[in-house]
Amino acid sequence: MTDNQEYKVLARKYRPQKFADLIGQESLVNILSNAILKNRIAHAYLLTGVRGVGKTTTARLIAMSLNCQNKKIDICEPCGECDSCNTITNDHNLDVIEMDAASKTGVDDVREIIDNVKYKPLSCKYKIFIVDEVHMLSKSAFNALLKTLEEPPPHVKFIFATTEIKKIPVTVVSRCQRFDLSRIKSKELFQFIKKVTLQEKGKATDDALKLIVKISEGSVRDALS
16 MTDNQEYKVL ARKYRPQKFA DLIGQESLVN ILSNAILKNR IAHAYLLTGV
66 RGVGKTTTAR LIAMSLNCQN KKIDICEPCG ECDSCNTITN DHNLDVIEMD
116 AASKTGVDDV REIIDNVKYK PLSCKYKIFI VDEVHMLSKS AFNALLKTLE
166 EPPPHVKFIF ATTEIKKIPV TVVSRCQRFD LSRIKSKELF QFIKKVTLQE
216 KGKATDDALK LIVKISEGSV RDALS
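This note's numbering numbers the first residue of the sequence shown as 16 and each following residue consecutively.
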């Protein structure tokens, strides 16, 4: 690696760029793929699961697929090469707004979203709001979001991610299509980190990798870290 080449942590470097690259989430991929192909897209998705299983990654993939400029009618995968895909991958897309509810918990933060909803997307088909750790929003923030979440404009999609589904009001959960992302099975996780180890030209015995898999408890990000 040259001195001026930016170092990327492995979890970012090997973040899936296609639905097919998501490991251990076959049912989620099948349902989402069919929904996108048949143009039966929910106005709000709720992705729940333990840390590091692909919630934010899935949210970005949905955003990329819905806004991909080169996507063919019979394929759900984003091309990964158009302006929209590249800007979403690099966090520069003005129509895909990511918000971390762990640091923006108040009603004023949600009102920013509500005010933004009425404006049409600048260059993409959809304006997509991705809210990570959505359970951290205050009760008043959730209440402020309810009406917009129930009847958003056709150009708006919401994608929420959480590790604490029980902390989200039932009124919010009922307005979303919910996906429970499962922990990655040990065999799949072992094969994945072994592949990464080989690509990174690292040295690790199978026993060491098995120990990493055991400690990570089904979390891809923990295993890579």
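Glycine included, each C-beta is placed from N, C-alpha and C at the ideal position.
{"query": "Backbone CA spacing between A11 and I145 [nearest angstrom]", "result": "Since the first residue shown for the chain is 16 and the last is 240, residue 11 is missing from the structure and cannot be characterised."}
{"query": "Buried or exposed by the 16-neighbour rule on C-beta atoms within 10 Å, applied to A74", "result": "buried"}
{"query": "Residue span of the alpha helix (DSSP H) that contains I230, given as start and end", "result": "D221 to S231"}
{"query": "Straight-line Cα distance separating I227 from S240", "result": "10 Å"}
{"query": "Under the three-state DSSP convention, the category K23 falls into", "result": "coil"}
{"query": "Cβ shell of F173 (< 6 Å), same chain only, five flanking positions each side left out", "result": "A59 and F144"}
{"query": "Residue range of the alpha helix (DSSP H) that includes I183", "result": "Note, I183: premise wrong, no alpha helix (DSSP H); not H, not E."}
{"query": "K86 burial status per 10 Å Cβ neighbour count (16 or more: buried)", "result": "buried"}
{"query": "Reduced DSSP secondary structure (H/G/I, E/B, other) of R30", "result": "coil"}
{"query": "Residue nearest to Q84 in terms of C-alpha spacing, selected from N101, T178 and E113", "result": "N101"}
{"query": "Residue range of the alpha helix (DSSP H) that includes R126", "result": "V122 to V132"}
{"query": "Cβ pair P136, T72 closer than 8 Å", "result": "no"}
{"query": "I56 beta carbon near the ligand SAM (any heavy atom closer than 7 Å)", "result": "Summarising the ligand content, the structure contains no ligands, and the ligand SAM is consequently not present."}
{"query": "CB of L164 within 8 Å of CB of V125, strictly", "result": "no"}
{"query": "Span of the alpha helix (DSSP H) around R193", "result": "It is not in any alpha helix (DSSP H) - R193 instead sits in the beta strand (DSSP E) that spans Q192 to D195."}
{"query": "Own chain partners of H170 with C-beta closer than 8 Å, once the 5 adjacent residues on each side are dropped", "result": "K135, P136, K140, Y141 and K142"}
{"query": "G67 versus K225 - alpha carbon distance", "result": "18 Å"}
{"query": "For L61: DSSP bridge partner residues", "result": "F175 and R193"}
{"query": "Other residues of its chain near A219: CB distance less than 7 Å, five sequence neighbours each side excluded", "result": "T212"}
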